[in-house]
Amino acid sequence: EDQVTQSPEALRLQEGESSSLNCSYTVSGLRGLFWYRQDPGKGPEFLFTLYSAGEEKEKERLKATLTKKESFLHITAPKPEDSATYLCAVHAYAGGTSYGKLTFGQGTILTVHP
Amino acid sequence: KAGVTQTPRYLIKTRGQQVTLSCSPISGHRSVSWYQQTPGQGLQFLFEYFSETQRNKGNFPGRFSGRQFSNSRSEMNVSTLELGDSALYLCASRASVSSYNEQFFGPGTRLTVL
Numbered sequence: 080e081d082q083v084t085q086s087p088e089a090l091r092l093q094e095g096e097s098s099s100l101n102c103s104y105t106v107s108g109l110r111g112l113f114w115y116r117q118d119p120g121k122g123p124e125f126l127f128t129l130y131s132a133g134e135e136k137e138k139e140r141l142k143a144t145l146t147k148k149e150s151f152l153h154i155t156a157p158k159p160e161d162s163a164t165y166l167c168a169v170h171a172y173a174g175g176t177s178y179g180k181l182t183f184g185q186g187t188i189l190t191v192h193p
Numbered sequence: 162k163a164g165v166t167q168t169p170r171y172l173i174k175t176r177g178q179q180v181t182l183s184c185s186p187i188s189g190h191r192s193v194s195w196y197q198q199t200p201g202q203g204l205q206f207l208f209e210y211f212s213e214t215q216r217n218k219g220n221f222p223g224r225f226s227g228r229q230f231s232n233s234r235s236e237m238n239v240s241t242l243e244l245g246d247s248a249l250y251l252c253a254s255r256a257s258v259s260s261y262n263e264q265f266f267g268p269g270t271r272l273t274v275l
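Here the protein sequences come in this chain order: A and B.
Quick note, the working numbering runs 79 ahead of the 1-based positions in the first sequence.
Quick note, the working numbering runs 161 ahead of the 1-based positions in the second sequence.
Here's what the structure looks like:
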């Protein structure tokens with residue numbers, strides 16, 4: 080069974096204090112790893128897609144990286160507006176009809192204090 | 162381009178009732194997936210529809226069903242509601258049905274079962 084584990088469950092940072100969130104996965108055949116941001120009471124907002132080990136994507140203060148077993152979301156000099164829950168999800172191959180199924184981790188709640 | 166829309170945004174029902182939720186995907190997107198989000202289980206895949214056909218289904222009882230119309234709009238139905246069905250129900254759409262590309266989520270419908 081596909082498994083996605085995120086750590087830590089919660090992270091409190093001071094504004095400007097860089098850190099990383101971890102997403103480790105156990106899947107039969109990774110076809111894509113996705114990072115989302117979710118604000119309270121809203122749907123997840125798409126951030127990044129990573130397809131192969133060694134791939135990196137950047138957007139403003141965020142940078143996502145991928146290895147064969149895990150992904151990291153690096154946050155550089157975070158601001159209070161970066162406070163949210165960050166979700167990691169994987170697409171794993173399970174036959175021709177599995178394209179639409181994402182398996183999510185439990186998320187990391189990030190709080191950035193001014 | 163308008164995002165994924167879901168109606169209604171909030172619903173309150175009692176045990177034993179049934180409920181229908183609606184989702185309109187991003188224009189041009191033909192694949193729609195549904196997810197249930199709860200504090201204890203996180204985001205869990207319900208099913209995916211493409212071309213009015215269910216292509217994949219998660220591990221939920223038969224009380225959860227869905228359908229898709231020719232204009233790609235989708236509905237989800239839950240019959241004989243139970244207290245444990247209280248959750249945020251999220252709909253997501255994506256552009257291509259035959260690849261592992263990102264999904265874009267709507268704001269969700271918050272269902273409370275009393």
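All residues carry an ideal CB built from backbone N, CA and C; glycine is no exception.
All values derive from a computational prediction rather than experimental measurement.
Using the Cα positions of A/P83 and B/S233, report the straight-line distance between them to the nearest angstrom.
-> Before going further, note that residue 83 of chain A is Val rather than Pro in the sequence given. Cα to Cα, A/V83 sits roughly 30 Å from B/S233.
Whole-angstrom distance between B/G219 and B/V193, CA atom to CA atom = B/V193 and B/G219: Cα-Cα distance of roughly 14 Å.
Of all Cβ atoms in chain B, is any one closer than 7 Å to the Cβ of A/P87?
-> At a cut-off of 7 Å between beta carbons, A/P87 makes no contact with chain B.
Close beta carbons around A/H192, own chain, < 8 Å, minus the five adjacent residues each side | Same-chain partners within the cutoff: R91, L92, Q93, E94, P159.
Does the separation of the CB atoms of B/Y261 and A/G111 fall below 7 Å?
-> Against a cut-off of 7 Å, the Cβ pair of A/G111 and B/Y261 comes out as a contact.
Counting pairs of Cβ atoms below 8 Å between the region 221-233 of chain B and the region 162-178 of chain B, do you hit three or more?
-> Short answer: they don't touch.
Please classify B/Y250: is it buried, with 16 or more other beta-carbons within 10 angstroms of its beta-carbon, or exposed?
-> So B/Y250 ends up on the buried side.
So with Cβ pairs under 7 Å, would you call A/P123 a contact of chain B?
-> It does: the Cβ of A/P123 has a partner Cβ on chain B nearer than 7 Å.
Cβ pair count under 8 Å reaching 3, the region 172-186 of chain B against the region 135-144 of chain A | Not touching, per the Cβ criterion.
Where A/L166 falls: helix, strand or coil (DSSP) = Reduced to three states, the DSSP call for A/L166 is strand.
Based on Cα-Cα distance, which residue from B/F221, B/T241, B/V165, B/L244 lies nearest to B/P186?
-> For the residues B/F221, B/T241, B/V165, B/L244, the minimum Cα distance to B/P186 belongs to B/V165.
Since A/K180 meets chain B, which of its residues come closer than 8 Å, beta carbon to beta carbon?
-> Listed by position along chain B, the residues whose Cβ is nearer than 8 Å to that of A/K180 are S194, F206, E209, N217, G219.
Using a Cβ-Cβ cut-off of 6 Å (strictly less than) and excluding sequence neighbours within five positions of B/E277, which residues of its own chain qualify?
-> The requested residue 277 of chain B is not part of the displayed model; chain B covers only 162 to 275.
Partners in chain A for B/G269, counting only beta-carbon separations shorter than 7 Å | Result: G122.
Using three-state DSSP, classify B/G245 as helix, strand or coil.
-> It is helical.
Chain-ordered neighbours of B/Y261 on chain A, where CB pairs are closer than 7 Å | Correct list: R110, G111, H170, Y178.
Can you give the Cα-Cα distance for A/L129 and A/V169, rounded to whole angstroms?
-> Cα atoms of A/L129 and A/V169: separation of roughly 10 Å, rounded to the nearest angstrom.
In chain B, what lies closer than 9 Å to A/G186 by C-beta?
-> Within chain B, the C-beta atoms nearer than 9 Å to that of A/G186 come from G203, L204, in chain order.
Using a Cβ cut-off of 7 Å, pull out every chain A residue sitting near B/Q264, in sequence order please.
-> Around B/Q264, the beta-carbon contacts reaching into chain A at under 7 Å are L181.
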